[in-house]
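Just so we're aligned, residue 1207 is where the sequence shown starts under the working numbering, counting upward by one.
The beta-carbon is built from N, C-alpha and C at its ideal position, and this holds for glycine as well.
For reference, the structure is listed below as structure tokens.
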Amino acid sequence: MSERHLIYAANWKMNHGPAEARAFAKKFLPLVPSVTGRSLWFFPPAVSLGALDEALAGRPDIKVGAQNVHWESKGAFTGEISIPMVMEVGARAVLVGHSERRHLFGETDEQVARKTGAALKAGVTPLVCVGETLTERESGRTEQVVVRQLGPLLEVLEPAEWVKVVLAYEPVWAIGTGKNATPDDAAQIHELIRMELGRNGVSDRVPILYGGSVNTANVGLLLTRPQIDGVLVGGASLDPEGWADLVEKGSQAKVRPSGGYDLADG
Ligand code: PEP
């Protein structure tokens, strides 16, 4: 078992209404015990937040969060949901700047920073996603894009606020495509993010998760990299047995203190 605190975050996207969310929780809970140093986060559709929060109650290792919020707490924003509203139905985290929000709905780096600031002020944990598209990667602009995406966040947040932020590096070309970054590629960008935070006086304790086609076969190897503090998973988190299996497989990954990497039993 890794001694690091690891976060396993499930992004259900537009899947699992309230009845399915309750059924998921009923199957999932007995399969995955509460373990010190491991947190399980669920981002269901907003309409399922209350049902899922109730169904998962009594597990301090589990929290539910919203997939998207507006930065204002109320007003004339048809179709939007505010942070106090999602908190009222149990959300303790919010996903901010997921690539589908950025690329399908035109969310900008500045809007991502405003949402993150609003989440922190309201007292929920923002899980902020960054990552490059395939075109950006192929034209050698990965680092530039990730640094650009972090820019407005670094401007808006005080260094002290960063201890309550979680980041996820999610290369867009790896999301839902079955192509994941190699552990070395992911670790390299995680290091870049860590350096950029450090350069701006941000705590080195901000967890950085990896996301993009993580599954039971690759989670162990990804988590052997000390730079990767957990995973953000879409497709492979939708089935309770599959998600439980992924969490257990990931938890067996071990980081060698000497700097080499290996799996606990392999
Ligand atoms: C995601 O939705 O954040 C994600 C990483 O999806 P998938 O695991 O399906 O690639």
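Per DSSP, the continuous beta strand (DSSP E) segment holding F1249 begins and ends at R1244 to F1249. Checking the 7 Å criterion, the Cβ of E1338 is out of range of every heavy atom belonging to ligand 1.
Remark: the shortest separation between the CB of K1219 and any heavy atom of ligand 1 falls under 7 Å.
Contact check between the stretch 1443 to 1458 and the stretch 1405 to 1412: fewer than three CB pairs, one atom from each, fall below 8 Å, which does not count as touching. In the displayed model, V1295 falls within coil according to three-state DSSP, outside both helix and strand. Counting only runs that start and end inside the stretch 1360 to 1431, the alpha helix (DSSP H) elements of at least 4 residues fall at 1389 to 1405 and 1425 to 1429. Between Q1273 and H1304, the gap from beta carbon to beta carbon is short of 8 Å. For P1239, no beta strand (DSSP E) run applies, since DSSP gives it neither H nor E.
Across the structure, I1434 and E1278 are spaced so that their CA atoms are roughly 32 Å apart. In this structure, T1383 places its C-beta atom within 8 Å of the C-beta atom of S1419. Looking at the DSSP output, T1331 bridges to A1299.
An exposed status is given to D1390, since fewer than 16 other beta-carbon atoms sit within 10 Å of its beta-carbon. R1298 is a Cβ neighbour of V1330, given a cutoff of 8 Å. Contact between V1241 and S1457 holds: their C-beta atoms lie close to 7 Å from each other, under 8 Å.
Residues A1227, A1231, F1248, P1250 and V1270 of the same chain have their beta carbon placed closer than 7 Å to that of L1258, with the five preceding and five following residues left out of the count.
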